[in-house]
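Visitor: One structure, as structure tokens, below. Some questions next.
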Amino acid sequence: MEARGAVEPVAGAVRRVPAWVLGLVPLLLIVLGIAVLAALGGPGLGERTGPPVEELSVERTVLRPGEIELTVRNDGPDAVTIAQVIVNDSYVGFSAGERSIGRLDATTVEIAYPWVEGEAYEAQLLTSTGGTVVHEIPVAVETPDRDASFFGLMALIGLYVGIIPVTLGMLWLPFVRRISATWLRFLLALTIGLLAFLAIDAMLEGIEVAGEGSQAFGGASLVFLGAAVAYLALTAVGEWSAARGRATRGGTSAGGWDVALMVAIAIGLHNLGEGLAIGSAYAVGALALGAFLVIGFAIHNTTEGLAIVAPIASGSPTMRRLALLGLIAGAPAIVGAWIGASAFNSSVAAFLLGAGVGAIAQVIRQLAPAIRERSGTALRPLTVLGILAGFAILYATSLLVSV
Amino acid sequence: MLAAVAPAVGAGVAARAGLLGPDGAEVALAGDAAHRHASQPLPAGAHGGEGHLGFPPGEQVAHDANGFHPRELLRDFDHGRTRRLASGRVLREWELVAQDKEIEVAPGVEFAAWTYNGRIPGPTLRCREGEKLRIKFGNGSSHPHTIHFHGIHPAEMDGVPGIGLGVVEPGKTVTYEFDAEPFGLHLYHCHMTPLADHIHKGMYGAFLIDPRKGRPEADEMVMVMNGFDTNFDRSNEIYAVNSIPFAYVNEPIAVKRNELVRIYLVNLLEFDLVNSLHVHANFFHYFPTGTSLQPTELTDTVMLCQGQRGILELRFPYEGRYMFHAHQSEFAQLGWMGFFEVKD
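Line order of the protein sequences matches chains A and B.
According to our numbering, the first sequence holds residues 560 to 962 in order.
According to our numbering, the second sequence holds residues 16 to 359 in order.
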């Protein structure tokens, strides 16, 4: 009882303090505590044992005639100094913006080397402690100049693998309108199968890309972060759009247009990732660009057009709206190719690929009610067959493209 | 429609993949092996890209901080202290101290070396056939070491763990004593295990026993071929003679035209099976191990395994700058090259 008597006046005093002060005080104490710890250098912890940890990763390789340029990021906890550079067992002349690279900082190393097109090279960065960071250039090809014709070529590739096939796929709309509700459910199930395959594909691609570059910004976790961000953001956008639709149309459920828009955005994010992969492979000369690859991607992506129009089978969208959907889904391939070929960064790419996965997951959630029959079961034999057919189509067409 | 647009992309790609010549004309198509060519070097002076030898221009190790300079090591022979014994024989004495030392083995690259007398290679110990030799060895390093001499001596003086004087623990001192035989060019090195570590970190030097009657007057120099494994992957990042890569590229070895040059060449390279020396635009008489006064070969290239050594004698008939290097291109471009500057 005594204790309680002592507490009550304090609680009363606290109640009179404004809420924002109560929020601010712990924050200030935390800042103060960290500042004191930092100023005293973590009293009692002593020096770190062992030699400095040196972790460098090469983020970007640019090959120009007689020159190899590496963009190097420090992934580790300590500063790293690049002392010398060895290319194919030979010390080479080089210049670097800043020889000593701080934690998370990056520098550009320009190496003078008469590389030969089509051959393989190994660059070793020799640090001040004698450690080496090895970077392989599997096939030396001159990095394309980023002039108008380069961006034009990338746009053309994006057009061929993105916009054209998606738009062609959307030509199934009249067909989709005429079929029975049962077969429409089959097609929607097929769409879900297609999307699920793309999600798995993008997830694996993202993890692979994340593993190649700097790990300092999170590596593979960026894929999951991107997926979560896209899923939540699209859910919020969907809710907002549906609420607005209910207010204006007085309807009760999200319209087919909203779902189609979501599908288009999700596929757009996926095609952004596809464009990234094509552009970056092109930039390092690893891409045998040609009719086969483009046709492969085109067939692969045509099915995506079907996925967009399936939800709007019952509506009557205008041509303008249909074109807009095609652009949303297809045009990101162009942007992706630009980014991939000119400013590829594995951390950004991993995040974007993850965002594609999240967007697809969100769309699948939106589509799921539509394949449900009146009885309430979603996984009837026909819909299961549809999903499996979706897997099969993309599995088969993905064999045509390997970036 | 797809089939119609695809070739258009193919064409665009071919135009891109073809390497453009200086005038912008397409000179080669990708995949056309016959047209492969080296990419054009940077404009002169950009990085010294053309004919580049060694580290970026102007970069050198801090010889002062290292405490030794390859220019000085080259002609530095340590004769020790001598006195005549009652028997009439000469007693020659040296003192060697093992020291742990940070050495800049390439510009900006520090290496935690183990040394004799703070330098790599250790002092070139020079004596005369038949003398009595006494080497006092103090271990100032934080690791146990020995000195194992190549030569003819009793087992207890062999500098091997577990036999005779055996391992010399940190802070301890021992004295190796034996006769100078046979004449020739030999070496010494630490024989503590793990052997590769104790050798590649720098514990070795040349051990030269002159024949009783000496050799003809000459400009004499010692070249110990060595290397450093700076990242501990059991292969060398750095190759050199007398430790510092490209040292004799930066400062060519000055010799006189037509003067007899004698090179005492010892290979102590760890991890690689063989090493070699090639002299440009000249031939030399080669005396394997220096144990005979008759050369076995007139050649311009010799190949040596670790511990193998020999004496080279040559004269440069023309003035000019002549390269010498390992005739393994990798070793040469990782530091093992240099120049002779021949003048009247």
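Where a beta carbon is used, it is the ideal one built from N, C-alpha and C, also for glycine.
Mind listing the chain A neighbours of leucine 349 of chain B? Cutoff is C-beta to C-beta under 9 Å, in chain order.
Guide: To locate residue 349 of chain B, count along the second sequence from 1; it is residue 334. Residues of chain A passing the Cβ test: Ile645, Asp648, Ser649, Tyr650.
Visitor: Please work out which residues of its chain come closer than 6 Å, Cβ to Cβ, to methionine 240 of chain B, disregarding the five sequence neighbours upstream and downstream, and give them in chain order.
Guide: Residue mapping note: residue 240 of chain B aligns to position 225 of the second sequence, counting from 1. The answer, listed in chain order, is Val256, Asn282, Leu284, Asn290.
Visitor: Establish whether the CB of leucine 599 of chain A and some CB of chain B are separated by less than 8 Å.
Guide: Taking the first residue of the first sequence as position 1, residue 599 of chain A is located at position 40. No - not a single Cβ of chain B is within 8 Å of the one on leucine 599 of chain A.
Visitor: Going by C-alpha to C-alpha distance, which of A:Ser901, A:Gly874, A:Ala869 sits closest to isoleucine 930 of chain A?
Guide: Here residue 930 of chain A refers to the residue found at position 371 when the first sequence is read from its first residue. The candidate whose alpha carbon is nearest that of isoleucine 930 of chain A is A:Ala869.
Visitor: From the beta carbon of alanine 795 of chain A, is the nearest beta carbon of chain B less than 8 Å away?
Guide: Sequence index remark: in the first sequence, residue 795 of chain A carries index 236 (1-based). Not one chain B Cβ lies under 8 Å of alanine 795 of chain A.
Visitor: Going by DSSP in three states, proline 218 of chain B sits in which element: helix, strand or coil?
Guide: Residue mapping note: residue 218 of chain B aligns to position 203 of the second sequence, counting from 1. A quick correction: the sequence has methionine, not proline, at residue 218 of chain B. Methionine 218 of chain B: coil per DSSP, three-state reduction.
Visitor: Mind listing which residues of the region 684-711 of chain A have their C-beta closer than 9 Å to chain B's C-betas, in chain order?
Guide: Leu685, Thr686, Ser687, Thr688, Gly689, Gly690, Thr691, Ala699, Val700, Glu701, Pro703, Ser708, Phe709, Gly711
Visitor: Given this structure, state the Cα-to-Cα distance separating leucine 223 of chain B from serine 102 of chain B, to the nearest angstrom.
Guide: Residue numbering aside, residue 223 of chain B sits at position 208 when the second sequence is read from its first letter. Residue numbering aside, residue 102 of chain B sits at position 87 when the second sequence is read from its first letter. Straight-line spacing of the CA atoms in leucine 223 of chain B and serine 102 of chain B works out to 24 Å.
Visitor: Leaving out five residues before and five after proline 122 of chain B in sequence, what residues of the same chain have Cβ atoms less than 7 Å from its Cβ?
Guide: Looking up residue 122 of chain B in the second sequence gives position 107. Cβ within range, chain order: Phe70, Glu74, Gln75, Val76.
Visitor: So methionine 238 of chain B packs on tyrosine 203 of chain B, CB below 8 Å; how close in whole Å?
Guide: The residue labelled residue 238 of chain B in the question sits at position 223 within the second sequence. The residue labelled residue 203 of chain B in the question sits at position 188 within the second sequence. The C-beta separation of methionine 238 of chain B from tyrosine 203 of chain B comes to about 16 Å, leaving the pair out of contact by the 8 Å criterion.
Visitor: Alpha carbon to alpha carbon, how far is phenylalanine 247 of chain B from valine 693 of chain A?
Guide: Working through the second sequence from its first residue, we reach residue 247 of chain B at position 232. Working through the first sequence from its first residue, we reach residue 693 of chain A at position 134. Each residue's alpha carbon lies about 14 Å from the other.
Visitor: Can you tell me whether glycine 564 of chain A is helix, strand or coil according to DSSP?
Guide: As a working mapping, residue 564 of chain A is identified with position 5 in the first sequence. In this prediction, glycine 564 of chain A has a pLDDT of 48, which is less than 50 and means its spatial position is unreliable; nothing more can be read from the coordinates.
Visitor: Do you know how far the Cα of aspartate 315 of chain B is from the Cα of glutamine 309 of chain B?
Guide: As a working note, residue 309 of chain B is residue 294 in the second sequence. As a working note, residue 315 of chain B is residue 300 in the second sequence. Going from the Cα of glutamine 309 of chain B to the Cα of aspartate 315 of chain B covers about 17 Å.
Visitor: Would you list, in chain order, the members of the region 245-259 of chain B that have their beta-carbon closer than 7 Å to a beta-carbon of chain A?
Guide: Thr245, Asn246, Glu252
Visitor: Flag histidine 340 of chain B as yes if its beta-carbon sits less than 8 Å from any beta-carbon of chain A, otherwise no.
Guide: By one-based count along the second sequence, residue 340 of chain B stands at place 325. No, histidine 340 of chain B does not count as interfacial toward chain A.
Visitor: Inspect the beta-carbon positions of serine 616 of chain A and serine 839 of chain A and report whether they are closer than 8 Å.
Guide: Numbered from 1 along the first sequence, position 57 holds the residue referred to as residue 616 of chain A. Numbered from 1 along the first sequence, position 280 holds the residue referred to as residue 839 of chain A. Cβ atoms of serine 616 of chain A and serine 839 of chain A: not closer than 8 Å.
Visitor: Tell me the rounded alpha-carbon separation between leucine 666 of chain A and isoleucine 696 of chain A.
Guide: In the first sequence, counting from the first residue as 1, residue 666 of chain A sits at position 107. In the first sequence, counting from the first residue as 1, residue 696 of chain A sits at position 137. At residue 666 of chain A the sequence reads threonine, which differs from the leucine that was named. Those two C-alpha atoms are separated by around 18 Å.
Visitor: What do you reckon, are the CB atoms on histidine 163 of chain B and histidine 201 of chain B nearer than 8 Å?
Guide: Here residue 163 of chain B refers to the residue found at position 148 when the second sequence is read from its first residue. Here residue 201 of chain B refers to the residue found at position 186 when the second sequence is read from its first residue. No, the pair does not count as a contact, with Cβ atoms beyond the cut-off.
Visitor: Under the rule that 16 or more other beta-carbon atoms within 10 Å means buried, what is alanine 195 of chain B, buried or exposed?
Guide: Position 180 of the second sequence holds residue 195 of chain B. Under this definition alanine 195 of chain B is a buried residue.
Visitor: Which residues bound the beta strand (DSSP E) around glycine 752 of chain A?
Guide: As a first step, residue 752 of chain A is located in the first sequence; it is residue number 193 there, counting from the start. Glycine 752 of chain A -> not in any beta strand (DSSP E); alpha helix (DSSP H) instead, spanning 740-771.
Visitor: Count the other C-beta atoms from every protein chain shown that fall within 10 angstroms of the C-beta of isoleucine 593 of chain A, then say buried if there are 16 or more, exposed otherwise.
Guide: Residue numbering aside, residue 593 of chain A sits at position 34 when the first sequence is read from its first letter. Exposed, since its Cβ has fewer than 16 Cβ neighbours within 10 Å.
Visitor: In angstroms, rounded to a whole number, what distance separates the CA positions of alanine 43 of chain B and tyrosine 680 of chain A?
Guide: Walking along the second sequence from the start, residue 43 of chain B turns up at place 28. Walking along the first sequence from the start, residue 680 of chain A turns up at place 121. Summary for alanine 43 of chain B: the model assigns pLDDT 34, below 50, so the residue's position carries little reliability, and this model does not support an answer.
Visitor: What residues match up with asparagine 154 of chain B in a beta bridge as DSSP calls it?
Guide: Working through the second sequence from its first residue, we reach residue 154 of chain B at position 139. Asparagine 154 of chain B is bridged to B:Ala113.
Visitor: Just the C-alpha distance for glycine 864 of chain A and leucine 763 of chain A, rounded to the nearest angstrom, thanks.
Guide: Looking up residue 864 of chain A in the first sequence gives position 305. Looking up residue 763 of chain A in the first sequence gives position 204. The straight-line gap from Cα to Cα measures roughly 23 Å.
Visitor: Note down, in chain order, every chain A residue with its Cβ under 7 Å from the Cβ of phenylalanine 70 of chain B.
Guide: For the purposes of this step, residue 70 of chain B is taken as residue 55 along the second sequence, with counting starting at 1. Within 7 Å Cβ-Cβ: Gln643, Tyr650.
Visitor: Going by CA-CA distance only, name the one from B:Leu89, B:Trp109, B:Glu87 that's closest to serine 97 of chain B.
Guide: Reading the second sequence from its first residue, position 82 is the one you call residue 97 of chain B. The sequence shown places threonine at residue 97 of chain B, not serine. Ranking B:Leu89, B:Trp109, B:Glu87 by Cα distance to threonine 97 of chain B puts B:Trp109 first.
Visitor: Could you check how far apart the C-beta atoms of alanine 857 of chain A and tyrosine 719 of chain A are, in whole angstroms? I think they sit under 8 Å.
Guide: The residue labelled residue 857 of chain A in the question sits at position 298 within the first sequence. The residue labelled residue 719 of chain A in the question sits at position 160 within the first sequence. Right, their Cβ atoms sit about 6 Å apart.
Visitor: Since histidine 163 of chain B sits in a beta bridge, which residues does DSSP pair it with?
Guide: In the second sequence, counting from the first residue as 1, residue 163 of chain B sits at position 148. Answer by DSSP bridge pairing, in chain order: B:His204.
Visitor: For a contact meaning CB atoms closer than 8 Å, what does phenylalanine 126 of chain B contact in chain A?
Guide: Your numbering for residue 126 of chain B matches position 111 in the second sequence. Chain A residues near phenylalanine 126 of chain B: Gly689.
Visitor: For a minimum of 3 consecutive residues, which ranges assigned as the beta strand (DSSP E) are wholly contained in the region 612-680 of chain A?
Guide: 615-623, 626-633, 639-646, 653-655, 665-671
Visitor: Just checking: is the beta-carbon of histidine 158 of chain B within a distance shorter than 8 Å of some beta-carbon in chain A?
Guide: Mapped onto the second sequence, residue 158 of chain B falls at position 143. No, histidine 158 of chain B does not count as interfacial toward chain A.
Visitor: For asparagine 273 of chain B, which residues from the same chain have a beta carbon less than 8 Å from its beta carbon, with the 5 sequence-adjacent residues on both sides left out?
Guide: Numbered from its first residue, the second sequence carries residue 273 of chain B at position 258. Excluding residues within five positions, the ones whose Cβ falls inside 8 Å are Arg330, Phe331, Pro332.
Visitor: Cα-Cα, which of B:Gln321, B:Val264, B:Pro159 is closest to aspartate 115 of chain B?
Guide: As a position in the second sequence, residue 115 of chain B is number 100, starting the count at 1. Closest by alpha carbon: B:Pro159.
Visitor: With C-beta atoms as the reference, is alanine 802 of chain A less than 8 Å away from aspartate 817 of chain A?
Guide: Sequence index remark: in the first sequence, residue 802 of chain A carries index 243 (1-based). Sequence index remark: in the first sequence, residue 817 of chain A carries index 258 (1-based). Cβ distance not < 8 Å, so alanine 802 of chain A and aspartate 817 of chain A don't count as in contact.
Visitor: Candidates A:Phe776, A:Gly661, A:Arg924: which alpha carbon is nearest valine 907 of chain A's?
Guide: Stepping through the first sequence from its first residue, residue 907 of chain A is reached at position 348. Its Cα nearest to that of valine 907 of chain A, the residue A:Phe776 stands out among A:Phe776, A:Gly661, A:Arg924.
Visitor: List, in chain order, every chain A residue whose beta-carbon is nearer than 7 Å to that of glutamate 87 of chain B.
Guide: Position 72 of the second sequence holds residue 87 of chain B. Within 7 Å Cβ-Cβ: nothing; glutamate 87 of chain B doesn't reach chain A, min ~23 Å.
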